[in-house]
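A.B. asks: Everything in the sequence shown is counted per the numbering used here, starting at 6 for the first residue and increasing by one. Glycine included, each C-beta is placed from N, C-alpha and C at the ideal position. Note that the structure is a prediction, hence the values are computed from the model and not measured.
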Amino acid sequence: MDAALILPLVSCALTLIALVMLGAVLHRQGTDRATLRDIDRRTRAGARAASTATPDAAPARATNAAGAAGADDDEPTESDAAAEGAHLPHIAVVLNPSKHADPERYREYLHQSIERFEGSQARFYETTREDPGYGQALQAVRDGADLVIAAGGDGTVRTVAAALAGTDTTMAVLPVGTGNLLARNLDVPLEDVAGALKVALHGRDRMADVGWMRSGRTPQELEIARPEIFLVMAGFGADAEIMGATSPTMKRRIGWMAYVVAGAKYVAGRSQDVHITLPGGTRRTMLARTVLIGNVGKLPGGIVLMPDAEIDNGRLEVLALGWRGAAGLGQIIAQLVTPRMRVQTPRTTTVERFLVSRVEIVSGKPLPVQYDGDPDREATHITAWVEPASLRLRVPQDA
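1. Comparing alpha-carbon positions, which option in 243, 262, 251 and 281 lies nearest residue 275?
2. Please work out which residues of its chain come closer than 8 Å, Cβ to Cβ, to residue 370, disregarding the five sequence neighbours upstream and downstream, and give them in chain order.
3. Kindly indicate which residue of 265, 158 and 121 has the alpha-carbon position closest to the one of residue 102.
4. Secondary structure at residue 258, three-state DSSP: helix, strand or coil?
5. In angstroms, rounded to a whole number, what distance separates the CA positions of residue 209 and residue 292?
6. Please report the straight-line C-alpha distance between residue 176 and residue 402, rounded to a whole angstrom.
7. Under 8 Å, do residue 127 and residue 143 count as touching if we go by C-beta distance?
8. Please determine if the stretch 182-192 and the stretch 355-368 are in contact, where contact requires at least 3 C-beta pairs separated by less than 8 Å.
9. Is there contact here, the stretch 231-242 with the stretch 163-177, by at least three beta-carbon pairs under 8 Å?
10. Beta-carbon within less than 8 Å of residue 296's beta-carbon, same chain only, minus the 5 sequence neighbours each way: which residues are those?
11. When the distance is taken between beta carbons, is residue 97 closer than 8 Å to residue 136?
12. With a threshold of 7 Å on Cβ separation, who are the neighbours of residue 313 within its own chain once the five nearest residues in sequence on each side are excluded?
13. When DSSP labels each residue in this structure, what does residue 398 get in the three-state scheme?
14. List in chain order: all unbroken alpha helix (DSSP H) runs of 4+ residues lying wholly within the stretch 138-185.
15. How is residue 191 classed by DSSP in three states: helix, strand or coil?
16. Starting from the C-beta of residue 395, find all residues in its chain whose C-beta is less than 6 Å away, skip the five residues before and the five after it, and write them out in chain order.
17. Can you tell which of 140, 124, 336 and 248 has the C-alpha that lies nearest to the C-alpha of residue 374?
18. For residue 200 and residue 228, I'd like the C-alpha separation in whole angstroms.
19. Do you know offhand how far residue 383's Cα is from residue 224's?
20. List, from N- to C-terminal side, the beta strand (DSSP E) runs of 3 residues or more that fit wholly inside the stretch 347-386.
21. Would residue 389 be called buried (16 or more neighbouring beta carbons within 10 Å of its own) or exposed?
22. Is residue 180 buried or exposed, if buried means 16 or more other CB atoms sit within 10 Å of its CB?
23. Who are the Cβ neighbours of residue 139 in its own chain at under 8 Å, not counting the five residues just before and after it?
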């Protein structure tokens, strides 16, 4: 392609990215303020209703008045719960307070909304830096919770799921973070607290697969490594580098576009020799810059990266990608975003897909690892597998 044509194209692309980033910032700021105003309005309405009730009938009148004064059509109410035949008196909320500008206001809103759900009482368990949700979810199960609501980002959801996988306790998601990839794939409302809570309280239960992965620098280290859970995607290579380099401040400001900004400096990285062993002993060797392992396949923006990755098919989709420089990455993106278009792929570009129950991957040099966006140490050996139908998830009635 002529250089005179390349430069205008690059300029247009950069301008488009800048406009998208600006739009994301404005949209995010407006949404956050609107959400806080909405929560404040509902909380104050519920408090006024409770204060007007007589002592003898306080619980019932507070519930009914709050439902009338503070709820809209999307708010979970007693009639909603009765209509669905759902009643979960033991409800736990594992809350990540760092995801909220005013966690106490958010907590009070959830408390009042859940109380209106046939008088159910919510018990709250706050995450900490030392324990981002695993211990809290285990304690909730010990305390008799029928439903554990993970109120946080993908990291909170992942650690709560690790505690609940293999149990009979249902997990629901109240998305708060940047990516919210599991919520996107389950069609849980992202920026509608009342709508997401309605799904949590009287959606339907769906048995979901979970992915597990071990990693290490040697076969011996791999053998004794602790398995890490993932519900969305695990990665090995450039994607994990990007996750580790993305600034939390940028994520708060511009949302998922922060990953695009962080990824710009990794465009020119070199692909590595990667050896993939599939079930039955089949081996494939290729040059890859990153290897993704997906339990579900939808990304922000409605992009379906892995069309065969479904949360209840008992399989993981493996996607190996290799490229050289910005031109190679551009062709990779074109293939992924517009799979029906014929894109000429040079020999320096790799796109390989596999649908498996288990996969082993060895790289020629240590590469970083990530699980649902949580970065981990570098490794040369990884093993990933799926545990079918091992997590009970609350999803929308029509999902």
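C.D. replies: Here's the rundown:
1. When only C-alpha atoms are compared, the closest one is 243.
2. Apart from sequence neighbours up to five positions away, the residues of its chain that approach residue 370 with a beta-carbon distance below 8 Å are 277 and 385, ordered along the chain.
3. Out of 265, 158 and 121, 158 has the C-alpha closest to the C-alpha of residue 102.
4. Here residue 258 sits in helix by DSSP.
5. Approximately 43 Å, taken between the alpha carbons.
6. The C-alpha of residue 402 is placed about 15 Å away from the C-alpha of residue 176.
7. In this structure, residue 127 lies away from residue 143, with their beta-carbon atoms at least 8 Å apart.
8. By the criterion of at least three beta-carbon pairs nearer than 8 Å, the stretch 182-192 is not in contact with the stretch 355-368.
9. Flag = yes, the stretch 231-242 and the stretch 163-177 touch.
10. Around residue 296: 240, 241, 242, 279, 281, 323, 324, 325, 326 and 366.
11. Not a contact, by the Cβ cut-off of 8 Å.
12. Exclusion of the five residues before and after residue 313 leaves 322 and 360 as the residues of its chain whose Cβ lies within less than 7 Å of its Cβ.
13. Strand.
14. List check, alpha helix (DSSP H) in window: 139-147 and 159-169.
15. Helix.
16. Excluding positions up to five away in sequence, the list reads 170, 171 and 215.
17. Checking every option, the nearest Cα to that of residue 374 belongs to 248.
18. Distance between the alpha carbons of residue 200 and residue 228 is about 43 Å.
19. One alpha carbon belongs to residue 383, the other to residue 224, and they sit about 14 Å apart.
20. Runs found: 355-361 and 363-376.
21. Buried, since its Cβ has 16 or more Cβ neighbours within 10 Å.
22. Per the 10 Å Cβ criterion, buried.
23. Sequence-distant Cβ neighbours of residue 139 in its own chain, meaning closer than 8 Å and more than five residues away, are 164, 165, 167 and 168.
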